[in-house]
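Before any comments, here is the structure.
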Amino acid sequence: MSSHAHTGHAVVVEPSGFISKYIFSIDHKVIGIQYFLLALTAVCIGIVLSLLMRFHLVYPGAHLPFVSGGIMTPEQYMALVTMHGTIMVFFVLTTAPQGGFGNYFLPVQIGAPDMAFPRLNMLSFWVTFLAFVAIIAAFVVPGGAPISGWTGYTPLSGMGEVTGPGEGMGQTLWIVSISLFCLASLLGALNFIATTIDLRAPGMTLFRMPLTVWGWFVTAILGLLAFGVLLAGGILLLLDRSAGTSFFLPAGLVVNDQLQPHSGGSPLLWQHLFWFFGHPEVYIAILPGMGVASHILSTFARKPVYGYRAMAMAICAIGFLGFMVWGHHMFLSGMSPYSGFAFSVLTMSIGVPSAIKTFNWIGTLWGGKIQFKSPMLFALGFVSLFVSGGLSGLFLAQPAVDNMLHATYYVVAHFHLVMGVAAIFGIFAATYFWFPKMFGRMMSEPLGKLHFWFTFVGAYCIFMPMHFVGLAGGIRRYADATGTTYAAALQPVHVFMTYAAFITGAAQLIFIFNFFWSLKSGAIAGKNPWNATTLEWITDSPPAIDNFGGHYPSVYRGPYEFSVPGYKQDFIPQDLTPQQAALLK
-6 MSSHAHTGHA VVVEPSGFIS KYIFSIDHKV IGIQYFLLAL TAVCIGIVLS
44 LLMRFHLVYP GAHLPFVSGG IMTPEQYMAL VTMHGTIMVF FVLTTAPQGG
94 FGNYFLPVQI GAPDMAFPRL NMLSFWVTFL AFVAIIAAFV VPGGAPISGW
144 TGYTPLSGMG EVTGPGEGMG QTLWIVSISL FCLASLLGAL NFIATTIDLR
194 APGMTLFRMP LTVWGWFVTA ILGLLAFGVL LAGGILLLLD RSAGTSFFLP
244 AGLVVNDQLQ PHSGGSPLLW QHLFWFFGHP EVYIAILPGM GVASHILSTF
294 ARKPVYGYRA MAMAICAIGF LGFMVWGHHM FLSGMSPYSG FAFSVLTMSI
344 GVPSAIKTFN WIGTLWGGKI QFKSPMLFAL GFVSLFVSGG LSGLFLAQPA
394 VDNMLHATYY VVAHFHLVMG VAAIFGIFAA TYFWFPKMFG RMMSEPLGKL
444 HFWFTFVGAY CIFMPMHFVG LAGGIRRYAD ATGTTYAAAL QPVHVFMTYA
494 AFITGAAQLI FIFNFFWSLK SGAIAGKNPW NATTLEWITD SPPAIDNFGG
544 HYPSVYRGPY EFSVPGYKQD FIPQDLTPQQ AALLK
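In this text, residue positions in the sequence shown follow the working numbering: the first is -6, and each later residue adds one.
Have a look at this one:
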């Protein structure tokens, strides 16, 4: 496959004013940092919400000064569940890997001066920011935050405040926020796809692209196809709430002894629209992490990626199959057993490309000269968590098993490991790896390793016992499980998980300190502190306004030329000509 030779670049002039340089910037690197800082803010809020939930599960009768009424009600607990899930899935797991690192590094890794549509890129971020403001505003409006869960299931989310606290203005703001986020993601997806296809450097064929670029590229395609569906669903749900339509609301609903004036709608239609987006969203969160893990494992094992083409094709296969399996979220909806069987088989099949990636990661490490730097530790942690969480998904792919486990903590444990914590480890790996390039300084290695071990052990201490709570019948979304004998017997496990959660949450302060301390006081980083091969490491740290200081590279080899036999240097950058590379022998 040939690459697009982008010649005749326009001269990029760095803006002089603070507003145009740092606020409404069209530089993809500044926009990437804006996305990252937005995600960092969101994850801090999401962690606090999760710790409040865990505290309440252990001490349901505790008096909390910041809760109206002193003791948290079930509705207030459900508002925490809803907002934690929404903020973490949309504004952290989607925003940081794709919007943050993807925006910053995709153009640099393919040898482009910027994204294809810089102003569209800026617009995408600020629409995302408005979406974040809208979701945070749901906390403070009359009635408070919504209680319908991060999935916003109808009819609860579609009828207004008659269905409970938070279902008035709070739920409306939730829908507006998600719709704005979908719009921003569609704009970003178009930009990523156009940039990858049209702005690659001379010689940068598709199979010379780093696996990070493959991850961002396929993720953008998923976003383009999935977010439009959720956007349509959000608009229809907003119409049901405010314009008297009945897309999702059936006839005969009686709420609080009031017959609701709706007819002809289908709550299952919302489930289909949401999960047609929702399962690709799992891979929107995890595919960039897969690319980052592959990239980092190769760099710190000093070996080429084992089966590079198979890895690239596995990313594409996961993206394709991700659109075929949304029905496994709906096994309890009354679907035909034949449909359930079809979704079950397709769900199992997605394990094939996932297994290809896992075995190829092991093959990449095998026999390598492994350097256990902080980015490598988090990449290894990503692989461990992805495999552990993925294995529990095999059981949920069986309708007969899922019928028993669907409403339990088993599902919470599964998706937190495979989608939540694994993706977070990918974000941490990327941060430690690319921080020198983004800010020109190194992060502290001792603090990075301390952060890793607390977080890695803590994640398993929280979510592995949670599987057993689910198997024992512990019901998720219950605000107080102490009222029944069988559930009260599980309380010691909840106490253990809560202590682990608070320790793991506190450990993130190590990362926060390391990040901001290193911005000012970290060791000065050179162009290529990791002795890596891809194009971002031939530029200054941080890169110039046009990424390459007017000297745009050409590409002569693949992205992972490590430990090539016959060469004295154990890495060969992509931009070295054959004549220059021959001098390294």
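For every residue, glycine included, the Cβ atom is placed at its ideal position computed from N, Cα and C.
Extent of the continuous alpha helix (DSSP H) run through residue i
{"i": "K22", "result": "H21 to V51"}
{"i": "S170", "result": "M162 to D191"}
{"i": "V380", "result": "S367 to L389"}
{"i": "D233", "result": "L204 to S235"}
{"i": "W119", "result": "P111 to A130"}
{"i": "Q69", "result": "P67 to M81"}
{"i": "E274", "result": "P260 to A294"}
{"i": "S256", "result": "Per DSSP, S256 belongs to no alpha helix (DSSP H) and is neither H nor E."}
{"i": "R581", "result": "Since the displayed the chain opens at -6 and closes at 578, residue 581 lies outside it and no answer follows."}
{"i": "M341", "result": "P330 to S342"}
{"i": "A244", "result": "Looking at the DSSP string, A244 is not in any alpha helix (DSSP H), and its letter there is neither H nor E."}
{"i": "P571", "result": "P571 to A575"}
{"i": "L99", "result": "N96 to Q102"}
Own chain residues within Cβ distance below 7 angstroms of residue i, not counting five before or after
{"i": "T188", "result": "L99, P100, A105, M108 and A109"}
{"i": "T527", "result": "Q102, P203, P552 and Q567"}
{"i": "M459", "result": "Y402, V405, A406 and M490"}
{"i": "V318", "result": "H272, F336, L339, T340 and I343"}
{"i": "F581", "result": "Limits of the chain in this structure are -6 at one end and 578 at the other, which puts residue 581 out of reach."}
{"i": "S495", "result": "Just to set this straight, residue 495 is Phe in the shown sequence, not Ser. Excluding positions up to five away in sequence, the list reads L44."}
{"i": "A138", "result": "A72, T75, M76, A131, F132, G159 and G163"}
Whether residue i touches residue j by CB criterion (9 angstroms)
{"i": "G282", "j": "A422", "result": "yes"}
{"i": "F240", "j": "S259", "result": "yes"}
{"i": "V264", "j": "S337", "result": "Position check: residue 264 holds Gln in this sequence, whereas Val was assumed. No, the Cβ-Cβ distance between Q264 and S337 is not below 9 angstroms."}
{"i": "L290", "j": "V211", "result": "no"}
{"i": "V411", "j": "S437", "result": "no"}
{"i": "L252", "j": "L229", "result": "no"}
{"i": "F447", "j": "T497", "result": "yes"}
{"i": "P346", "j": "S556", "result": "no"}
{"i": "I420", "j": "V85", "result": "yes"}
{"i": "T351", "j": "F388", "result": "no"}
{"i": "K430", "j": "P536", "result": "yes"}
{"i": "I590", "j": "N114", "result": "Outside the shown range of the chain, which is -6 to 578, sits residue 590, and nothing can be said about it."}
{"i": "L73", "j": "H56", "result": "no"}
{"i": "G39", "j": "M65", "result": "no"}
{"i": "V133", "j": "A89", "result": "no"}
{"i": "I531", "j": "R550", "result": "no"}
{"i": "L242", "j": "D250", "result": "no"}
{"i": "T156", "j": "S287", "result": "no"}
{"i": "V169", "j": "L231", "result": "yes"}
8 angstroms CB neighbourhood of residue i in its chain, flanking five on each side removed
{"i": "T475", "result": "P53, A481 and Q484"}
{"i": "G315", "result": "L215, H272, P273, V275, Y276 and I343"}
{"i": "S(-4)", "result": "Low local confidence applies: a pLDDT of 48 at S(-4) is under 50, so the model's placement there is unreliable, with the coordinate-based value given in what follows. So the qualifying residues of the chain are R193, A194, P195, G196, M197, T198, L199, R201 and V548."}
{"i": "F11", "result": "none"}
{"i": "I503", "result": "L440, L443, H444 and F447"}
{"i": "S235", "result": "T165"}
{"i": "G559", "result": "K578"}
Cut-off 6 angstroms between Cβ atoms - residues of its own chain near residue i, not counting five sequence neighbours on either side
{"i": "S493", "result": "The question names Ser, but residue 493 is Ala in the sequence shown. Once the five neighbours on either side are set aside, the close Cβ partners of A493 are G451, C454 and I455."}
{"i": "I363", "result": "A294"}
{"i": "L123", "result": "L173"}
{"i": "P368", "result": "I289, A422, Y425 and F426"}
{"i": "S13", "result": "none"}
{"i": "F324", "result": "G333, P392 and D395"}
{"i": "Q27", "result": "F118"}
{"i": "H399", "result": "L325"}
{"i": "G25", "result": "G93, N96 and Y97"}
{"i": "A588", "result": "With the chain covering only -6 through 578, there is no way to say anything about residue 588."}
{"i": "W582", "result": "No information on residue 582 is available, as it lies outside the stretch -6 to 578 that the chain covers here."}
{"i": "A516", "result": "M435"}
heavy atom of the ligand FMN below 8 angstroms from residue i C-beta
{"i": "V23", "result": "The ligand FMN is not among the ligands present in this structure, which contains no ligands whatsoever."}
- Are the region 190 to 200 and the region 135 to 152 touching by the rule of at least three beta carbon pairs closer than 8 angstroms? no
- Query: Which runs of the alpha helix (DSSP H), 4 residues or longer, sit entirely within the region 394 to 445?
  - Reply: 402 to 408 and 415 to 432
- Taking only runs of the alpha helix (DSSP H) that begin and end inside the region 451 to 506, which ones reach a length of at least 4 residues, in chain order? 478 to 481
- Query: Using 8 angstroms as the threshold, is the region 509 to 528 in touch with the region 459 to 479, meaning 3 or more CB pairs across them?
  - Reply: no
- Query: Can we say the region 169 to 185 touches the region 216 to 225, given the rule of at least three CB pairs closer than 8 angstroms?
  - Reply: yes
- Item | Validate contact between the region 397 to 411 and the region 458 to 473 using beta carbons, cut 8 angstroms, 3 pairs | yes
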